[in-house]
Each structure stands twice: as structure tokens, then as C-alpha cells.
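A.B. asks:
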Amino acid sequence: MKHPDTTISRPATAAPSEPAPPPGLLGRLGLWSVRHFKAVLAGWLLVVVGLGAFAPQVTSALSGAGWQADGSESVKVRQVAEQHFAGNASSALQIVVAADRPVTEPDVQQVITRAGELAAADPRVSTVLAPQPGATIAQDGRTAVLLAGAKASPDDMVRAADDLKAPLSALSGNGVDVHATGASVLWSDFNKANHDAMMKSEIMSWPVTLAILVLAFGSLVAAGLPLLLTMAGLAASAGSLVLLSHLFPISVWAMNFAMMFALALGIDYALFLVVRFRSARAAAARRNPAPGHRLGSAAAVAETMDTAGKAVLLSGATVLVSLSAVMLVPSPAFRSMAGGIMLAVLFVLAATLTLLPAVLGRLGHRVDALALPWVKTGEHRSARFAAWGERLWKHPLRYGALALAALIALAAPVIGLRTAMPSIAVLPEDASARAGYTAVQQAFGPGAPGTLQILTPTQRAEGVAADIAATPGIAGVMPAQPAADGSGWSMVQAVPAVDPSSPDLGRTVDTLRADLPADTLVGGAAVENLDLQHLLTEKTPLVIGVVMGLGFLLLLVALRAPLISALGTAASLLSTGAAFGVARLVFQDGHGAGLLGFTPQGFLDGWAPVFFFAMIFAIAMDYTVFLLASAKEHYERTGDPREAMVGALAHSGRVIFAAAGVMVAVFFTFALSGPLPPKEMGIVLGVAVLLDAALVRLVLLPVLLRLTGAAAWRTPAWLDRVLPKISFSHD
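By this note's numbering, the letter at position 111 of the sequence shown is numbered 111, and the numbering carries on one by one without gaps.
1) What residue range does the alpha helix (DSSP H) around V326 cover?
2) Start and end of the alpha helix (DSSP H) containing T508?
3) Among the residues of its own chain, which have a CB less than 7 Å from the CB of G592, if the five just before and after it don't count?
4) For L604, list the residues DSSP reports as bridge partners.
5) Considering only C-alpha positions, which residue in the set D163, R560, L46 and P106 is nearest to R714?
6) What's the call for P226, buried or exposed, on a 16-neighbour Cβ count within 10 Å?
7) Which residue spans inside the segment 182–267 form an unbroken alpha helix (DSSP H) run of at least 4?
8) Report the three-state DSSP secondary structure of L685 (helix, strand or coil).
9) According to DSSP, what are the bridge partners of L455?
10) I'd like the list of long-range same chain contacts for L723, defined as Cβ closer than 8 Å, with 5 residues on each side in sequence excluded.
11) What does P496 pair with, by DSSP beta-bridge criteria?
12) Taking all protein chains shown into account, decide if K76 is buried (16 or more other Cβ within 10 angstroms of its Cβ) or exposed.
13) With 16 other CB atoms within 10 Å as the buried threshold, where does N174 fall?
14) In angstroms with no decimal places, state the Cα-to-Cα distance between S565 and R654.
15) Comparing C-alpha positions only, which one of Q441, A448, A439 and A494 sits nearest to A466?
16) Quick check on I137: does DSSP put it in helix, strand or coil?
17) With distances taken from CA atoms, which of F257, L542 and W489 is nearest H84?
18) For S172, tell me which candidate among M231, W253, I95 and A262 has the shortest Cα-Cα distance.
19) Sorted by chain position, which residues of the same chain lie with C-beta nearer than 8 Å to L328's C-beta, five sequence neighbours on each side aside?
20) By Cβ distance below 6 Å, which residues in the same chain neighbour V158 in space, the five residues on each side in sequence not counted?
21) Buried or exposed: where does F248 fall if 16 or more other Cβ atoms within 10 Å of its Cβ makes it buried?
22) Going by DSSP, what residue range makes up the alpha helix (DSSP H) through A344?
23) What are the partner residues of T143, as DSSP defines its beta bridges?
24) What's the gap between the Cα of A498 and the Cα of A425?
25) Can you tell me whether H179 is helix, strand or coil according to DSSP?
26) When we look at the beta-carbon of S240 and count the other beta-carbons within 10 Å, is it buried (16 or more) or exposed?
27) Three Cβ pairs or more, each shorter than 8 Å: is that satisfied between the segment 394–413 and the segment 602–615?
28) Among L691, P562, P641 and K679, whose alpha-carbon lies nearest the alpha-carbon of A717?
29) Going by beta-carbon coordinates alone, are L323 and A300 separated by less than 8 Å?
30) Can you tell which of L535, Q132 and T143 has the C-alpha that lies nearest to the C-alpha of V103?
31) When you compare the segment 446–456 with the segment 611–619, are there three or more beta-carbon pairs, one atom per stretch, that lie closer than 8 Å?
32) Can K151 and S169 be called in contact, C-beta distance under 8 Å?
33) For S60, does the count of other Cβ atoms within 10 angstroms reach 16, so buried, or fall short, so exposed?
34) Sorted by chain position, which residues of the same chain lie with C-beta nearer than 6 Å to L567's C-beta, five sequence neighbours on each side aside?
35) Kindly list the residues whose CB is nearer than 8 Å to the CB of G224, restricted to its own chain and excluding five residues on each side of it in sequence; keep chain order.
36) Look at the alpha carbon of G506 and the alpha carbon of L402, and state the distance between them as a whole number of angstroms.
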């Protein structure tokens, strides 16, 4: 993410006796942190050690399920099935035994018996139903399916799958293959494959990240500061997630995304503050070289916090606001992932505003230790970016039109973007869930892995079963089974004619829900995915509207300039739209699939529009905050729109460029991961950051500042009376 090196270039001829302006709230916080270095360090050590002690439990404590639409019809079916049908719900485990001979052979029966015993011994399994002829034994007699009912929550059933799939697979041999499958096993395999891929990508990204950090900071000591923030934020947030998991389920993906954002924000915020701190020290030295080192460092910290610190605080608030909109989606996985990232952001932000100033004050000039020989560590204004700003000022329409045309061209494919929940193809071919899924399809038909579970009052079960059998898209219907506990429910299981990932299944489910009696419920694992997809599609406009609305209000409060706040918010949509346009070309249409090593599904995964939009918008608004905060500071000092635009680029362009370089390198390493979802995330986020930094923040937004001139910063009188007085200038 990004930081505007908001500047204060005081004239070198200023009198040594010129009184320094009193520090603001953040400046006083920075001074307090410097003067109480030991207390700040001890406090953060307590936080990191205290919460970090729980961090090793994060993988086992966090949940593997939660990908559901709370309150949906399919979730109600699962809950009723868990309670009244011996756990024969979508979260139950299916154990597939496929042999090269009839399953009635004694040695195959021994394998089936042993598989049933393994499942029954797990306390999270209710009952194990043996294979039934005509239902769970294939017509050729060579494939049988045992059903291990769910006795625990969906999250615990994923953990049961974690524990059981390897022992069950170990029963394979002598022409007999044993695989666990079903929704719980799918999520178990899915989480493991993606977690391994993300960890591999993060390891691959570290050398590139460290190299860019050294180049960006110009010294080895300064380059280590982002790691300080990242480690503090990660340890604290990981431990907090473990503690919070005792109150409500938190997706294991929350930690993956928290790690990614903690690293990105730690780099961004440290880069912004360190560059500004160096500049403040250099400016103080030019004004008066006499004061002692310690005093000069404290004053530089105060100035840094009153300028760059405000932009960092606003940036963090923007990220939190963007991600909070995901909470509007009533799905445990989405809410916990957004919450995990927000927790990491809070800890990194707290460390940036307390721990980093304390360390900078103690380091002083030593922040430039082990500097690269060609780097001018005290230089805050980039001559190259200043020259670029002058060029944009002279030719705004030429460069602005080119950037706008490129972004619109890349965003155009969004019009044909399709989304759906991921198919079984996102799993490695040797994954247990995929192997069992394939065996079930070969033995029972393409729709068998997506068997529907229809609950209906027992008195009308026969009529409902007949209606289901007559519905187009249904290949077969099993006899209605009444609940053994006398609850009045009966379950009809129906096998669709198509693969669970086919769009035709959604039409079949819609037909059933429209034609069957109102008190009949249609569910099953595949239907849970359809309901979640429907929920995401329904909530996407709301999330986008809330993210943009809150982002605009936050910019308006900080900048006190409605025009440029609106333009900055709208500009963030361009890079977001362009990133999804590229995603459609790559992942839906398959352009570049061979190069990236995947088979396109014909759609983008269903969570991308909501979750990736919030993440991209948070990143884009982060850049916006840094650039516009720097421009606002220059305008406050000079009242000159030209200096506001050129000065903002000169002082924040290099920081934005370097921060974006780190993030693009990190995100694009995910494109090299094996499974498809990390590839989607890497490409979408990487392209978004690249386009946002290169075309929006360094071209289009400066051009908008040029074209709007002083009007960009004008505040209507009535609004001026309402908004708080926030200044980014230190004068």
C-alpha cells in the first residue's frame, strides 16, 4: 500500500531562532513514544509475547468450513438432516470403495468393514450406513459408498475429514481404492491445497520483497523496519484470532489474508514514515546544525507524525472501512476473513503510530546505517517525479486520455464476466475428495456427487417424490425416508442429470423450489454452493456502494474537498474494473492459461467480486490517500494548485512506485501457485495494484488535479462549518 511523503520544504535560509510550530495530536503521540521508548518497547513485547504464545495454534484452532449463506434454505436442510436423520447431511463424509471386482468379494468386504470401523471410531461421526444395493452400490457391483453421518458442526466435520482421509486411503491396495469424499472432505483438501500454495508463494516472494525493500529504503537498517511492524502485527493478530475462535468460528483463510495485508501495510507505512523522518532530520540540520542528535530526532518524529502520520492513520481507516463492508454478507467465512484482515490492520497501524516512532527516535541518524552508496537518504523530493509532474501539468489531456483509454479498454470485458462457486477441478488430481468424486461419477452418473436432499412433511412425501422424478434435469429419485425420531419430516434424495458445477443444476433447483409445496425444502452440498453464489450476487451491489460511499466520506472528512474526494473515489473504480476485465480474459476465456498452468473453468470464482473488490478498493484508496494528503499539504502551504500537483508527485511518487513494486511482486508470486484460487487472487490483485499505481495515481489523478485547479480544494461554506478542521501541513 502506499504513502505520500507529505512534505515540508522550508527554505534553507530560515532563521535558526524561528519557533517550531507546536505539535498536533499525532505529533505529541510520537514525542511521547520517543521519550518513553522503554515503556513502548516493553508494552509491545508483552503484546507480542502474550498473544504470540497462542499463534502456533492458529492452523488447528481456525475453522475450515463456513462457506455458506446463513439463513438460506439449503442451510436449514442441513441443520434438519443433522438433527433428525442421523447426520445424513451435506457435511457427512462419504467413503468410496472402488474395486476391480465385485464389492461382494470377501476381501473387498473386509476393506469396507474396516473403513466403516475407522469412521465409526471418530466421535464426530454419528452412524455409519453400510452400502445399500440399488442406492449406494453401483449397477456393475464394483463401487460402494459408505455414509458417515455428521455428529458435529460443519467445521468439526472438516477436521474429521483432516484426520480420517489418510487412514482411509491407506486401506487401498490389491485392486481396491478407498477415498473419502463429500463437502467436508472437499473443504479439507481445498484449504490444505490453497494454504500450502499460499505459503509457497510467500516464501518465494521474500527474496524479491527484501531486494525491493533495500532499494526502496536505501539502507539495510531502514529496510528492516517493515519487518518489525509486520512481525508485531502478525504475532498479535494470529494470537487474537485463536482467542476469538473460542467465541465464534473463524475461517483458516483469515490468517492467510491477514499475513498478506500485514506485510503489505507494514512495508507501506514504514516506507512512508521513514522517508518523511529522513527529510525532517535533513531539513532540521540545514536550518540549524547545532542542536544535539537526540533532540533533532525527537523533533523530526513529531513533524513526521503530524504530516505523514496523519496520512497513515487515514489510510488505515480507509482500509478498515473498505473491508468492513464485507460484513454485510451473511456468510461466516467471508465475515471472519474480513475480520482477520481488519485485526491485522489494527495491530500494524497501532505499531506504526507508537512502536515505529519510538524506534526512529532512538535510531536517529543510524536509520541510514549500511546505506547503499548511491542513495541520498535525506532527499525527500524526487527530481524525476517532479519532472514527470511538470510534464503532466503541461500536457494533461494527452496523458490523461491515454491512461483513461487504456483503463476503459481493459475494463470493458467485465460486461461478460460470469461467476460461480469453484468446481472440483480446482483440487489436485490426487486429492482424496477429487478421486472419490471421480469414482462416484464413473459408477453412478455425472450428477451423483451433487445429490439433492429434499425435505418434506411425511404425509405428502410420496407425491413430492413423484413430482421430483418428473422434473426435467433429474436423473433418478430414491424412495422417501421418514425421520426415525418421528419429527414428521421425510427426506427424498434426487440425483441430478448434470455435474454439480453445471449451470443447468441451478435451473433445476429453481424449478423444484418453484413447483414443490411451500413447506418443502431443497438442499444438499451443491445447493449450498448455489445459495451462497446467489447471496454473493445479491450483495455485491450493496457492498460496492457501501465501500465507495464510506471511502468518499472518509476522504471528505480528511481533505475537506468534496470535488477531489469524489474524483479520487471514482478513479479507484477504474483500476478495479480493469483488474476484473483482465481476470475475465484470463480465467473465464482462458487467455494465458497455458502459460500460467491451469484449465479455465469458464467463470471466475464466486467470491471474487465481493471480496477482491473490497481488497482492491482498500489498496487503491490507500494510494489515493497518500497522494492527495501530500497534495493537500502543498496546497495548504502555498495555495498554488500547480505546486500541489507537482509537489505531491515529487514527494510521494517515489514512495507509491516503490510500495507498488513490492505489492505487485508479492501478488504475482501467487500466480505461480498450483491451485486456481491463489492464481486468481494473485492476478487480480497484482494487476489492480500495477494499473492503479502506474495509470491512476501517477497519471490520471494528477491530471484531474491539474484540470480542476483550485476548485479541487474548495470547500462550500456550509460544509466548512460541519467538517472537522484537519491540516496536513506542519507550518
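The C-beta atom is built at its ideal place from N, Cα and C for all residues, glycine as well.
Keep in mind the model is a prediction, meaning the values are calculated, not measured.
C.D. replies: Inspection of the coordinates gives the following:
1) Mapped onto the sequence shown, residue 326 falls at position 326. No alpha helix (DSSP H) holds V326; DSSP gives it neither H nor E.
2) One-based indexing of the sequence shown puts residue 508 at position 508. First-last of the alpha helix (DSSP H) with T508: P503 to D515.
3) The sequence position of residue 592 within the sequence shown is 592, counting from 1. Same-chain partners within the cutoff: V586.
4) Taking the sequence shown and counting its residues from 1, one reaches residue 604 at position 604. Paired residue(s): T419.
5) In the sequence shown, counting from the first residue as 1, residue 714 sits at position 714. With distances taken between Cα atoms, R714 lies closest to R560.
6) Sequence index remark: in the sequence shown, residue 226 carries index 226 (1-based). Buried, by the Cβ-count rule.
7) 183–217, 220–223 and 225–244
8) Stepping through the sequence shown from its first residue, residue 685 is reached at position 685. Of the three classes helix, strand and coil, the one that applies to L685 here is helix, per DSSP.
9) The residue given as residue 455 occupies position 455 in the sequence shown. Bridge partners of L455: M491 and L521.
10) As a first step, residue 723 is located in the sequence shown; it is residue number 723 there, counting from the start. Result list for L723: L556, V557, R560 and T715, in chain order.
11) Taking the sequence shown and counting its residues from 1, one reaches residue 496 at position 496. Answer by DSSP bridge pairing, in chain order: I474.
12) The count along the sequence shown starts at 1 and reaches residue 76 at position 76. K76 comes out exposed.
13) By one-based count along the sequence shown, residue 174 stands at place 174. N174 comes out exposed.
14) Counting from 1 along the sequence shown, the entry for residue 565 is found at position 565. Counting from 1 along the sequence shown, the entry for residue 654 is found at position 654. Approximately 22 Å, taken between the alpha carbons.
15) Locating residue 466 in the sequence shown gives position 466, where the first residue counts as 1. Nearest option by C-alpha distance: A494.
16) Taking the first residue of the sequence shown as position 1, residue 137 is located at position 137. The answer is strand: DSSP assigns I137 an E or B state.
17) As a working mapping, residue 84 is identified with position 84 in the sequence shown. Among F257, L542 and W489, the Cα nearest to that of H84 is on W489.
18) Position 172 of the sequence shown, counting from 1, holds the residue named residue 172. Nearest option by C-alpha distance: I95.
19) As a working mapping, residue 328 is identified with position 328 in the sequence shown. So the list reads K539, L542, V543 and V546, once near-sequence residues are dropped.
20) Here the question's residue 158 lines up with position 158 in the sequence shown. Excluding positions up to five away in sequence, the list reads G64, A65, S184, W187 and S188.
21) Counting from one through the sequence shown, the residue named residue 248 turns up at place 248. So F248 ends up on the exposed side.
22) To locate residue 344, count along the sequence shown from 1; it is residue 344. From DSSP, the alpha helix (DSSP H) with A344 extends over P332 to L353.
23) Taking the sequence shown and counting its residues from 1, one reaches residue 143 at position 143. A98, per the DSSP bridge assignment.
24) Numbered from its first residue, the sequence shown carries residue 498 at position 498. Numbered from its first residue, the sequence shown carries residue 425 at position 425. It should be noted that the sequence gives Val, not Ala, for residue 498. Between V498 and A425, the C-alpha separation is close to 15 Å.
25) On the sequence shown, position 179 is the one that residue 179 refers to. Three-state result, H179: strand.
26) Residue numbering aside, residue 240 sits at position 240 when the sequence shown is read from its first letter. It counts as buried.
27) no
28) Locating residue 717 in the sequence shown gives position 717, counting from the first residue. Residue P562 is the option with its Cα nearest to A717.
29) What you label residue 323 is simply residue 323 of the sequence shown in a count that begins at 1. What you label residue 300 is simply residue 300 of the sequence shown in a count that begins at 1. Cβ distance not < 8 Å, so L323 and A300 don't count as in contact.
30) Along the sequence shown, read from residue 1 onward, the residue named residue 103 stands at position 103. Selected option, being the one with the closest Cα: T143.
31) no
32) For the purposes of this step, residue 151 is taken as residue 151 along the sequence shown, with counting starting at 1. For the purposes of this step, residue 169 is taken as residue 169 along the sequence shown, with counting starting at 1. No, Cβ-Cβ distance for K151 and S169 is not below 8 Å.
33) Along the sequence shown, read from residue 1 onward, the residue named residue 60 stands at position 60. By the 10 Å Cβ count, S60 comes out exposed.
34) What you label residue 567 is simply residue 567 of the sequence shown in a count that begins at 1. Closer than 6 Å at Cβ, skipping near neighbours: L704.
35) On the sequence shown, residue 224 is found 224 positions in, with the first residue counted as 1. Closer than 8 Å at the Cβ level, and outside the excluded window around G224, lies no residue.
36) Numbered from its first residue, the sequence shown carries residue 506 at position 506. Numbered from its first residue, the sequence shown carries residue 402 at position 402. The alpha-carbon atoms of G506 and L402 are separated by roughly 42 Å.
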